[in-house]
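Enquirer: Residue numbers (the numbering used here): 214 to 548. Where is the CB? At the ideal position from N, CA and C, for every residue including glycine. Below you will find the structure I want to go over with you.
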Amino acid sequence: MTSVVEARVTDDSEVREEVFAHLAELFSLRIYSYIPNFLGLYNMKWIVTTNAGELFVKCYHPKRYQLTDTDRRAKIGRSLSFQQQLHDQASLCPGVWSQDGEYIFQSPSGHFYVVMQRVAGHPLQAGLVDTETMHKLGKATGRMHVLLSSFPAEGVIWVPSMTTMIDKWRSNLEKVMDLAIPNEKAIRAIKKQGMLLSCLDLSIFSELEPGWAHWDLWVDNMLIEEDSEVHFVDFDTIQFGYPEIDIARVLLSCALHMGELRIEPASAFLAGYREERPFPRGRLPLALKLLWCREAHWWLKPGMDDFSAPPKRFAEEMIWLTDNWHDLEELYAGW
Numbered sequence: 214m215t216s217v218v219e220a221r222v223t224d225d226s227e228v229r230e231e232v233f234a235h236l237a238e239l240f241s242l243r244i245y246s247y248i249p250n251f252l253g254l255y256n257m258k259w260i261v262t263t264n265a266g267e268l269f270v271k272c273y274h275p276k277r278y279q280l281t282d283t284d285r286r287a288k289i290g291r292s293l294s295f296q297q298q299l300h301d302q303a304s305l306c307p308g309v310w311s312q313d314g315e316y317i318f319q320s321p322s323g324h325f326y327v328v329m330q331r332v333a334g335h336p337l338q339a340g341l342v343d344t345e346t347m348h349k350l351g352k353a354t355g356r357m358h359v360l361l362s363s364f365p366a367e368g369v370i371w372v373p374s375m376t377t378m379i380d381k382w383r384s385n386l387e388k389v390m391d392l393a394i395p396n397e398k399a400i401r402a403i404k405k406q407g408m409l410l411s412c413l414d415l416s417i418f419s420e421l422e423p424g425w426a427h428w429d430l431w432v433d434n435m436l437i438e439e440d441s442e443v444h445f446v447d448f449d450t451i452q453f454g455y456p457e458i459d460i461a462r463v464l465l466s467c468a469l470h471m472g473e474l475r476i477e478p479a480s481a482f483l484a485g486y487r488e489e490r491p492f493p494r495g496r497l498p499l500a501l502k503l504l505w506c507r508e509a510h511w512w513l514k515p516g517m518d519d520f521s522a523p524p525k526r527f528a529e530e531m532i533w534l535t536d537n538w539h540d541l542e543e544l545y546a547g548w
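This is the structure:
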């Protein structure tokens with residue numbers, strides 16, 4: 214079996230020109246220049262200079278989001294409305310442009326796109342975020358969760374599903390065992406994942422309170438301005454599930470380095486978070502295990518060694534959780 218590595222990002226000139234023309238007409242803008250933004254997966258993104266200032270434009274790729282599905286489009290529209298409210302109430306994220314209550318626009322040939330304020334900031338380096346920045350991220354995350362908790366619950370709550378996890382695990386195991394050239398690292402990780410699933414009791418999560426969460430809070434989706442102000446971006450997947458998912462994802466993405474969760478930055482994040490919102494001591498192991506339930510079957514796959522940098526990093530984080538599963542309480546019970 215030969216693995217094919219797809220290009221993660223594109224800039225299609227025909228799509229770009231059509232989207233820009235539609236945007237200019239819709240909002241009576243003059244577009245002067247643009248810079249492609251190649252962060253993310255598949256979606257086309259540009260920083261656009263206009264007579265109204267700099268804007269961030271994202272065109273959704275159908276491989277990521279099938280927005281011809283009205284339910285899917287409505288869900289993302291709701292997420293964008295949440296983003297706008299977070300911007301209005303706390304400036305935690307870029308403001309989103311809308312027209313007649315709609316946040317997602319469609320070009321004449323069917324390309325869906327969104328427009329928002331351009332935030333000047335830089336993404337963080339995975340695993341190496343400094344202690345001061347982690348404290349700021351903790352406060353901002355806690356504040357975001359406080360504000361999100363005021364929004365009404367909608368849709369189906371996400372909960373970990375043993376059926377889903379086992380089905381995905383079994384599929385990945387079959388594929389990895391069918392490789393012409395064995396990938397011992399993937400085989401070992403996926404088999405260990407199966408052992409953990411065989412003894413996992415999902416009732417351990419029953420004490421957690423459901424609520425809205427960003428749901429994709431990793432280093433590329435957190436921007437730090439020169440004045441150290443924090444902005445969160447990419448709210449497309451916001452979900453009524455468990456805020457603990459965000460906490461665990463930030464900590465792994467920002468503070469896991471060389472097989473260790475860096476103590477000072479991780480502690481600083483939790484301290485900042487607790488200044489805004491309660492997070493009981495001893496809760497971290499559950500948060501990490503909940504994240505594993507959500508993500509392990511996404512990243513522990515036969516071709517994980519061929520992943521591009523971000524997915525490869527996610528796979529390493531899941532391997533770390535898998536290897537340290539039985540030690541999480543001992544390591545982080547007092548956090």
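Buried or exposed, going by whether 16 or more other CB atoms sit within 10 Å of the CB of Ile248?
Expert: Numbered from its first residue, the sequence shown carries residue 248 at position 35. By the neighbour-count rule (16 or more Cβ atoms within 10 Å), Ile248 is not buried but exposed.
Enquirer: To which residues of the same chain is Val328 closer than 6 angstroms at the C-beta, ignoring the five residues directly before and after it?
Expert: Position 115 of the sequence shown, counted from the first residue, corresponds to residue 328. Here the set comprises Leu268, Val270 and Trp310.
Enquirer: Quick check on DSSP: helix, strand or coil for His324?
Expert: Sequence index remark: in the sequence shown, residue 324 carries index 111 (1-based). If DSSP states are grouped into helix, strand and coil, His324 belongs with coil.
Enquirer: Determine the closest residue to His300 out of Ser362, Gln330, Glu542 and Ser441, with distance taken between C-alpha atoms.
Expert: Indexing the sequence shown from 1 puts residue 300 at position 87. Taking only the C-alpha atoms, the option nearest His300 is Gln330.
Enquirer: Let me know if Thr376 comes out buried or exposed under the rule of 16 or more other beta-carbons within 10 Å of its beta-carbon.
Expert: Counted from its first residue, the sequence shown places residue 376 at position 163. By the neighbour-count rule (16 or more Cβ atoms within 10 Å), Thr376 is not buried but exposed.
Enquirer: Any contact between the stretch 348 to 362 and the stretch 378 to 389? By contact I mean 3 or more CB pairs, one from each, below 8 angstroms.
Expert: As far as the Cβ criterion goes, the stretch 348 to 362 does not touch the stretch 378 to 389, which means the pair count is below three.
Enquirer: Please confirm whether Met257 and Asp224 have their CB atoms less than 8 angstroms apart.
Expert: Residue numbering aside, residue 257 sits at position 44 when the sequence shown is read from its first letter. Residue numbering aside, residue 224 sits at position 11 when the sequence shown is read from its first letter. Yes; because the gap between Cβ atoms is below 8 angstroms, this pair is in contact.
Enquirer: Can you tell me where the alpha helix (DSSP H) with His358 in it begins and where it stops?
Expert: Here residue 358 corresponds to residue number 145 of the sequence shown, with the count starting at 1. Taken as a continuous stretch (DSSP letters only), the alpha helix (DSSP H) holding His358 covers Thr344 to Leu361.
Enquirer: When you compare each of Glu489, Phe325, Ser363 and Ser416 to Trp425 by their alpha carbons, which one comes out closest?
Expert: As a position in the sequence shown, residue 425 is number 212, starting the count at 1. Closest by alpha carbon: Ser363.
Enquirer: Rounded to whole angstroms, what's the CA-CA distance from Ser216 to Met435? Just pull it up for me.
Expert: Within the sequence shown, the letter at position 3 stands for residue 216. Within the sequence shown, the letter at position 222 stands for residue 435. Reliability of the predicted coordinates at Ser216 is poor, the pLDDT of 39 falling under 50, and the value obtained from them is presented with this limitation in mind. Taking the straight line from one Cα to the other gives about 31 angstroms.
Enquirer: Would you report the Cα separation of Tyr545 and Ile403, rounded to the nearest angstrom?
Expert: By one-based count along the sequence shown, residue 545 stands at place 332. By one-based count along the sequence shown, residue 403 stands at place 190. Approximately 24 angstroms, taken between the alpha carbons.
Enquirer: Check for me: the beta strand (DSSP E) holding Gln452 runs from which residue to which?
Expert: Numbered from its first residue, the sequence shown carries residue 452 at position 239. Where Gln452 is concerned, the enclosing beta strand (DSSP E) stretches over Gln452 to Gly454.
Enquirer: Going by alpha carbons, who is nearest to Cys306 out of Pro395, Ser419, Ile317 and Ala333?
Expert: The residue given as residue 306 occupies position 93 in the sequence shown. The candidate whose alpha carbon is nearest that of Cys306 is Ala333.
Enquirer: Given a threshold of 16 other Cβ atoms within 10 Å of its Cβ, counted over all protein chains shown, does Cys412 qualify as buried or as exposed?
Expert: Here residue 412 refers to the residue found at position 199 when the sequence shown is read from its first residue. Exposed, by the Cβ-count rule.
Enquirer: Going by CA-CA distance only, name the one from Leu503, Trp428 and Val372 that's closest to Thr535.
Expert: Here residue 535 is taken as the residue at index 322 of the sequence shown, counted from 1. The shortest Cα separation from Thr535 among Leu503, Trp428 and Val372 belongs to Leu503.
Enquirer: Note down the Cα distance separating Met531 from Thr262, rounded to an integer number of angstroms.
Expert: As a working note, residue 531 is residue 318 in the sequence shown. As a working note, residue 262 is residue 49 in the sequence shown. Those two C-alpha atoms are separated by around 39 angstroms.
Enquirer: Provide the residue(s) that pair with Phe445 in DSSP beta bridges, ordered along the chain.
Expert: Along the sequence shown, read from residue 1 onward, the residue named residue 445 stands at position 232. The partner list for Phe445 (beta bridge, DSSP) reads Met435.
Enquirer: Nearest CA to the CA of Gln319: which residue from Gly485, Val342 and Tyr273?
Expert: Position 106 of the sequence shown, counted from the first residue, corresponds to residue 319. Among Gly485, Val342 and Tyr273, the Cα nearest to that of Gln319 is on Tyr273.
Enquirer: Name the DSSP beta bridge partners of Leu280, please?
Expert: Counting from one through the sequence shown, the residue named residue 280 turns up at place 67. DSSP, once it has assigned bridges, lists no residue as partnering Leu280.
Enquirer: Any idea what DSSP makes of Glu422, helix, strand or coil?
Expert: Position 209 of the sequence shown holds residue 422. In this structure, Glu422 counts as coil in the three-state DSSP scheme.
Enquirer: Between Cys467 and His235, what straight-line distance do the alpha-carbon atoms span, to the nearest angstrom?
Expert: Taking the first residue of the sequence shown as position 1, residue 467 is located at position 254. Taking the first residue of the sequence shown as position 1, residue 235 is located at position 22. One C-alpha to the other measures close to 38 angstroms.
Enquirer: To the nearest angstrom, how far is it from the Cα of Ser441 to the Cα of Asp343?
Expert: As a position in the sequence shown, residue 441 is number 228, starting the count at 1. As a position in the sequence shown, residue 343 is number 130, starting the count at 1. The straight-line gap from Cα to Cα measures roughly 12 angstroms.
Enquirer: Who are the near neighbours of Glu529 in its chain, counting only those whose CB is closer than 7 angstroms to its CB and skipping five residues on each side?
Expert: As a first step, residue 529 must be located in the sequence shown, where it is residue number 316. Cβ within range, chain order: n/a, list empty.
Enquirer: Name the two residues that bound the continuous alpha helix (DSSP H) containing Tyr560.
Expert: Summary: the structure shown does not reach residue 560, with the chain confined to residues 214 through 548, and so no result is reported for it.
Enquirer: Starting from Ile458 and walking both ways along the alpha helix (DSSP H), at which residues does that stretch end?
Expert: In the sequence shown, counting from the first residue as 1, residue 458 sits at position 245. From DSSP, the alpha helix (DSSP H) with Ile458 extends over Glu457 to Ala468.
Enquirer: Taking Val463 and Leu293 to be in contact with their CB atoms under 8 angstroms, please state how far apart those CB atoms are, rounded to whole angstroms.
Expert: What you label residue 463 is simply residue 250 of the sequence shown in a count that begins at 1. What you label residue 293 is simply residue 80 of the sequence shown in a count that begins at 1. The pair is not a contact, with the Cβ atoms about 22 angstroms apart (cut-off 8 angstroms).
Enquirer: So Leu541 is in the beta strand (DSSP E); what residue range does that whole segment cover?
Expert: Numbered from 1 along the sequence shown, position 328 holds the residue referred to as residue 541. Looking at the DSSP string, Leu541 is not in any beta strand (DSSP E); the run it does join, the alpha helix (DSSP H), is Leu541 to Tyr545.
Enquirer: So for Cys506, helix, strand or coil by DSSP?
Expert: Along the sequence shown, read from residue 1 onward, the residue named residue 506 stands at position 293. Reduced to three states, the DSSP call for Cys506 is helix.
Enquirer: Just the Cα atoms here: how many angstroms apart are Trp371 and Phe453?
Expert: On the sequence shown, position 158 is the one that residue 371 refers to. On the sequence shown, position 240 is the one that residue 453 refers to. If I take the Cα positions, the gap works out to 6 angstroms.
Enquirer: Do Gln312 and Leu239 have their CB atoms nearer than 8 angstroms?
Expert: Counted from its first residue, the sequence shown places residue 312 at position 99. Counted from its first residue, the sequence shown places residue 239 at position 26. A contact, by the Cβ cut-off of 8 angstroms.
Enquirer: Measure how close the beta-carbons of Leu501 and Val432 come, nearest whole angstrom, since I'm counting them as under 8 angstroms.
Expert: For the purposes of this step, residue 501 is taken as the residue at position 288 of the sequence shown. For the purposes of this step, residue 432 is taken as the residue at position 219 of the sequence shown. The Cβ separation is near 17 angstroms, so there is no contact.
Enquirer: Taking the alpha carbon of Trp428 as the point to measure from, which residue in Arg507, Ala353, Met471 and Ile260 has its own alpha carbon closest?
Expert: As a working mapping, residue 428 is identified with position 215 in the sequence shown. The shortest Cα separation from Trp428 among Arg507, Ala353, Met471 and Ile260 belongs to Arg507.
Enquirer: With 8 angstroms set as the bound, which would you pick, yes or no: does the beta-carbon of Asp429 sit closer than that to a beta-carbon of chain D?
Expert: Among the chains in the structure shown there is no chain D, since it carries only a single protein chain.
Enquirer: Using only the alpha-carbon positions, how far apart do Glu621 and Ala353 sit?
Expert: There is simply no residue 621 to check, as the chain begins at 214 and stops at 548 in what is shown.
Enquirer: In the DSSP assignment, find the beta strand (DSSP E) that holds Lys388 and state where it starts and stops.
Expert: By 1-based counting over the sequence shown, the position of residue 388 is 175. From DSSP, Lys388 is part of no beta strand (DSSP E) but of the alpha helix (DSSP H) over Met375 to Met390.
Enquirer: First and last residue of the beta strand (DSSP E) that includes Phe269?
Expert: Within the sequence shown, residue 269 is the residue found at index 56, counting from 1. Gly266 to Cys272 is the span of the beta strand (DSSP E), which, as asked, contains Phe269.
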